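FYI, in our numbering the residues of the sequence shown are 714 to 850.
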Amino acid sequence: MQIVLASASPRRALLLQMLGFDFTTAEPDVDETPLAGESAPEMVIRLACAKAAAVQPDFPEALLIAADTTVACDGTILGKPQDNAEALAMLRALSGRQHQVFTGLALRWRQALFTYVESSSVTMPEHPDALLRAYLA
């Protein structure tokens, strides 16, 4: 059975390689904008399912693996930063605080769909601004 990773993420591909899977990658075209009122767990499942659905027409008989990860702090979803200034602002907001990381997984084969959400609480130590800037450099 063909396995397709519906992701452009080199890290996700590396994880599957480390597990010994023989797979193909396909980059899904999915709008990752959160919906109004959507929680982080709801969003990561919706996006993982959308990524699997986006590549299914090209791989109708394959096992599709798709995932999405996001960070939430105080219930606010932090999207992917658009530039270093936004990334620095996010790191400053997380510094010395606890936040949650949510990953949604979708496995699709033909019409069958399995979904799963994992969450982790992460406490980021407080870091001086110089260290945050060096991290982003």
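Beta carbons: idealized from backbone N, C-alpha and C, even for Gly. Just so you know, these numbers come straight off a predicted model, no measurement behind them.
Alpha carbon to alpha carbon, how far is residue i from residue j?
i	j	result
T783	A763	15 Å
V814	V835	7 Å
T691	D787	Outside the displayed range of the chain (714 to 850) lies residue 691, so it cannot be described from this structure.
R823	P741	17 Å
L818	E831	8 Å
T789	V757	14 Å
N797	F736	33 Å
Considering only the alpha carbon of each residue, which of the options lies closest to residue i?
i	options	result
L807	L826, A785, A850, W822	A785
P773	R821, S833, Y829	R821
D771	L844, V717, A843, L727	V717
A800	D842, A726, L727	D842
Within its chain, find whatever has a CB closer than 7 Å to the CB of residue i; leave out the 5 residues flanking it on each side and keep chain order.
i	result
H840	S808
M803	L791, P794
With DSSP collapsed to three states, give me the class of residue i.
i	result
L826	strand
R810	coil
A819	strand
D781	strand
L776	strand
L791	strand
L804	helix
L748	coil
A721	coil
Identify, in the order they occur along the chain, each residue of the same chain with its Cβ nearer than 6 Å to the Cβ of residue i, setting aside the five sequence neighbours on each side.
i	result
Q715	A775
A753	T783, A785, I790, F815
S833	V814
Might you give, ordered along the chain, the residues of its own chain that have their beta carbon closer than 8 Å to the beta carbon of residue i, omitting 5 neighbours on each side?
i	result
A761	A779, A780, D781, G817, L818, A819, T828
Is there at least one non-hydrogen atom of the ligand ZN closer than 7 Å to the beta-carbon of residue i?
i	result
L728	The model depicted lacks the ligand ZN and carries no ligand whatsoever.
Is it true that the stretch 727-734 meets the stretch 757-776, where meeting means three or more beta-carbon pairs spaced less than 8 Å apart?
Contact between the stretch 727-734 and the stretch 757-776 is absent: fewer than 3 CB-CB pairs across the two stretches fall below 8 Å.
Would you call the stretch 842-850 and the stretch 744-755 touching, i.e. three or more CB-CB distances under 8 Å?
They do not touch, by the three-pair rule.
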